[in-house]
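Step one of this worksheet: look at the structure below.
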Amino acid sequence: MTCADRNLTRPVTVTVSDVCSNSSTCTSQITVIEVTTLPFGWTGANIGTNAMGSSSYLPCSQFGTFVLSSKGYTTNLTDVQHAVYQTLCGNSTIIARVTGLSPLQGWAGIQMRESTSQGSRKFTVKTQLSTIIRREARANNFGPTNTLQIGVLLEHTWLRITRSGNTFTAYSSPDGTTWTLRNTATFFMAGCLQVGMFVESYNNLATTTATFDNVSVTGNPFPLAGPGVDNTLEEQAKVKIFPNPTSGEVTIDLADLSGKPVEVRIFNTQGQQIETYQFGEALEQERIDPLALQRRGVLDTHSGRRFGACYRENI
Numbered sequence: 010m011t012c013a014d015r016n017l018t019r020p021v022t023v024t025v026s027d028v029c030s031n032s033s034t035c036t037s038q039i040t041v042i043e044v045t046t047l048p049f050g051w052t053g054a055n056i057g058t059n060a061m062g063s064s065s066y067l068p069c070s071q072f073g074t075f076v077l078s079s080k081g082y083t084t085n086l087t088d089v090q091h092a093v094y095q096t097l098c099g100n101s102t103i104i105a106r107v108t109g110l111s112p113l114q115g116w117a118g119i120q121m122r123e124s125t126s127q128g129s130r131k132f133t134v135k136t137q138l139s140t141i142i143r144r145e146a147r148a149n150n151f152g153p154t155n156t157l158q159i160g161v162l163l164e165h166t167w168l169r170i171t172r173s174g175n176t177f178t179a180y181s182s183p184d185g186t187t188w189t190l191r192n193t194a195t196f197f198m199a200g201c202l203q204v205g206m207f208v209e210s211y212n213n214l215a216t217t218t219a220t221f222d223n224v225s226v227t228g229n230p231f232p233l234a235g236p237g238v239d240n241t242l243e244e245q246a247k248v249k250i251f252p253n254p255t256s257g258e259v260t261i262d263l264a265d266l267s268g269k270p271v272e273v274r275i276f277n278t279q280g281q282q283i284e285t286y287q288f289g290e291a292l293e294q295e296r297i298d299p300l301a302l303q304r305r306g307v308l309d310t311h312s313g314r315r316f317g318a319c320y321r322e323n324i
């Protein structure tokens, strides 16, 4: 079934056979529905008890649409909003296009914040789909928010935030290709942040709904160091993958990790982990065949699409 079958009733035939070649067949009428739960890796949360918000995802929309709603309003010291986020560590980026906001008195935006606490440190950029966007930065928990209003053209509905160390930079764009730098702020935030979208209303009784599409995030979902992790390594191990992209077998150069336990994880384009390879004592080169996953029905690829691999190192 595909999105073209949504809300339609289709016949589905099932045949069951036993070891004696006896078989039984039945046909049922199945109504196809669009599942609107958030994609794998994304979490929805109310920030502040007054938010009473919700979130969903429309996979059959052209560019994948997130729908967020919330009540309540944010002040200089505390936030009230509904947020959808992934936890990413280290340098990271989020891009999203705000496609709708109702009513327009509310706000829709993207952010990087430490937690769902109302007074969390944060860096945000948000819009009312007007000629002004607002950048907010809170450098101390429950401290005052530094707010900057920036004039933009009405078509600047694409928003982007990048993190490099403790420097956070906001951009806007009319098309997701040509970006204009809007503001940069440098202050301490934790190594792992909640990176995603949010919506805020303008009072405790009104519900504001925002829609986002073309959402993309880059970053590491695992901490590079932490309790119980050996932090004595001075230089990050170098890992090479070739050929990349590939239409077949992949060779992983693990020369720097030779003789050590290594785990390789395979993710699909939705961020879902679909396979794990473990090497107790890695050789200088290990080979895996991602397309074997397709033959097993684990990985769905389209004709003519080349497989591109990436790697993530946890130290």
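The sequence shown runs 10 to 324 under my numbering. We treat Cβ as the ideally placed atom computed from N, Cα and C, and that holds for glycine. On a predicted model such as this, the values are computed, not experimentally measured, just so you know.
Separation of Leu157 from Glu145, as counted between CA atoms: The count along the sequence shown starts at 1 and reaches residue 145 at position 136. The count along the sequence shown starts at 1 and reaches residue 157 at position 148. Glu145 and Leu157 have their C-alpha atoms spaced approximately 6 Å apart.
Sequence-distant residues of its chain with Cβ nearer than 6 Å to Thr370 (five each side left out): The question about residue 370 has no answer here: the residues shown for the chain are numbered 10 through 324.
For Ile261 and Ile275, believed in contact at Cβ under 8 Å, the rounded distance: Numbered from 1 along the sequence shown, position 266 holds the residue referred to as residue 275. Numbered from 1 along the sequence shown, position 252 holds the residue referred to as residue 261. So it is not a contact: roughly 11 Å between Cβ atoms.
Start-end ranges of the beta strand (DSSP E) lying completely within the stretch 166-198, minimum 3 residues: Listed in chain order, the complete beta strand (DSSP E) runs (minimum 3 residues) inside the stretch 166-198 are 167-173, 176-182 and 189-195.
Endpoints, beta strand (DSSP E) assigned at Phe221: For this step, residue 221 is matched to residue 212 along the sequence shown. Thr217 to Asn229 is the extent of the beta strand (DSSP E) around Phe221.
Those runs of the beta strand (DSSP E) which lie wholly inside the stretch 11-39 and span at least 3 residues: DSSP runs (the beta strand (DSSP E)) wholly in the stretch 11-39: 18-26.
Alpha-carbon to alpha-carbon, Lys269 and Gly289: Taking the first residue of the sequence shown as position 1, residue 289 is located at position 280. Taking the first residue of the sequence shown as position 1, residue 269 is located at position 260. Those two C-alpha atoms are separated by around 7 Å.
Reduced DSSP secondary structure (H/G/I, E/B, other) of Asp262: In the sequence shown, counting from the first residue as 1, residue 262 sits at position 253. If DSSP states are grouped into helix, strand and coil, Asp262 belongs with the strands.
The stretch 178-197 / the stretch 60-71 touching (three or more Cβ pairs under 8 Å): The count of Cβ pairs closer than 8 Å, one atom from the stretch 178-197 and one from the stretch 60-71, stays below three, leaving the stretches out of contact.
Distance between beta carbons of Ile141 and Val134, contact taken as under 8 Å: Here residue 134 corresponds to residue number 125 of the sequence shown, with the count starting at 1. Here residue 141 corresponds to residue number 132 of the sequence shown, with the count starting at 1. Contact between Val134 and Ile141 is absent: CB atoms are separated by about 11 Å, not below the 8 Å threshold.
Within 8 Å, strictly: CB atoms of Ser225 and Thr216: Within the sequence shown, numbered from 1, the residue matching residue 225 stands at position 216. Within the sequence shown, numbered from 1, the residue matching residue 216 stands at position 207. Between Ser225 and Thr216, the gap from beta carbon to beta carbon reaches 8 Å or more.
Contacting residues, own chain, Cβ-Cβ under 6 Å from Cys12 (five flanking each side not counted): Locating residue 12 in the sequence shown gives position 3, where the first residue counts as 1. Excluding sequence positions up to five before and after Cys12, its CB lies within less than 6 Å of the CB of Cys69, all in the same chain and listed in chain order.
Proximity to Asp222 [Cα-Cα], best of Asp184, Asn229 and Trp188: Stepping through the sequence shown from its first residue, residue 222 is reached at position 213. For the options Asp184, Asn229 and Trp188, the alpha carbon positioned closest to that of Asp222 is the one of Asp184.
For Ile159, the residue or residues it bridges with in DSSP: Here the question's residue 159 lines up with position 150 in the sequence shown. Checking the DSSP bridge columns, you'll see Ile159 partnered with Ile142.
Among Thr136, Leu77 and Ser101, the one whose alpha carbon lies nearest that of Gly200: For the purposes of this step, residue 200 is identified with residue 191 of the sequence shown, where counting begins at 1. Each of Thr136, Leu77 and Ser101 was checked against the Cα of Gly200, and the nearest Cα belongs to Ser101.
Span of the beta strand (DSSP E) around Asn77: Within the sequence shown, residue 77 is the residue found at index 68, counting from 1. Residue identity differs from the one stated: residue 77 is Leu in this sequence, not Asn. Thr74 to Ser79 is the extent of the beta strand (DSSP E) around Leu77.
Cβ-based neighbour list, Ser30, same chain, cut-off 6 Å, excluding 5 preceding and 5 following: As a working mapping, residue 30 is identified with position 21 in the sequence shown. The answer is none, since no qualifying residue turns up.
Burial state of Glu244 (16 or more Cβ within 10 Å): Sequence index remark: in the sequence shown, residue 244 carries index 235 (1-based). Legend: pLDDT at Glu244 = 43, less than 50; position of this residue unreliable, no value from coordinates given.
Close-in-space but distant-in-sequence residues of the same chain around Lys131 (CB under 6 Å, 5 per side omitted): Within the sequence shown, the letter at position 122 stands for residue 131. Result list for Lys131: Gln120, Arg122 and Arg147, in chain order.
Val107 - containing beta strand (DSSP E), residue span: The sequence position of residue 107 within the sequence shown is 98, counting from 1. Membership of Val107 in the beta strand (DSSP E) is indicated by the continuous run Gln90 to Ser111.
Backbone CA spacing between Thr24 and Ser37 [nearest angstrom]: Working through the sequence shown from its first residue, we reach residue 24 at position 15. Working through the sequence shown from its first residue, we reach residue 37 at position 28. When rounded, the separation of the alpha-carbon atoms in Thr24 and Ser37 is 12 Å.
Residue interval of the beta strand (DSSP E) (run including Phe207): For the purposes of this step, residue 207 is taken as residue 198 along the sequence shown, with counting starting at 1. Segment Cys201 to Glu209, the beta strand (DSSP E) holding Phe207.
Neighbour-count burial assignment, Asp298, 16 or more Cβ in a 10 Å radius: To locate residue 298, count along the sequence shown from 1; it is residue 289. Here Asp298 is exposed: its Cβ has fewer than 16 other Cβ atoms, across all protein chains shown, within 10 Å.
Beta-bridge pairing of Glu272 - partner residues as DSSP gives them: Taking the first residue of the sequence shown as position 1, residue 272 is located at position 263. Within the DSSP secondary-structure output, Glu272 pairs in a beta bridge with Gln287.
Boundaries (first-last residue) of the beta strand (DSSP E) holding Gly152: Walking along the sequence shown from the start, residue 152 turns up at place 143. No beta strand (DSSP E) holds Gly152; DSSP gives it neither H nor E.
Of the residues Thr45, Pro20 and Val208, the one placed nearest Thr34, counting alpha carbons only: Along the sequence shown, read from residue 1 onward, the residue named residue 34 stands at position 25. Residue Pro20 is the option with its Cα nearest to Thr34.
From Gly53, Val271, Gly81 and Gln294, residue whose alpha carbon lies closest to that of Tyr286: Working through the sequence shown from its first residue, we reach residue 286 at position 277. Residue Val271 is the option with its Cα nearest to Tyr286.
C-beta atoms of Trp51 and Val93 nearer than 8 Å: Here the question's residue 51 lines up with position 42 in the sequence shown. Here the question's residue 93 lines up with position 84 in the sequence shown. Yes, they are a contact pair.
Residue environment, Thr166, which counts as buried when at least 16 other CB atoms sit within 10 Å: Stepping through the sequence shown from its first residue, residue 166 is reached at position 157. Under this definition Thr166 is a buried residue.
Whether Val327 touches Ser181 by CB criterion (8 Å): Outside the modelled stretch of the chain, which goes from 10 to 324, sits residue 327, for which no answer is possible.
Limits of the unbroken beta strand (DSSP E) element including Trp116: Within the sequence shown, numbered from 1, the residue matching residue 116 stands at position 107. Per DSSP, Trp116 belongs to the beta strand (DSSP E) from Trp116 to Arg122.
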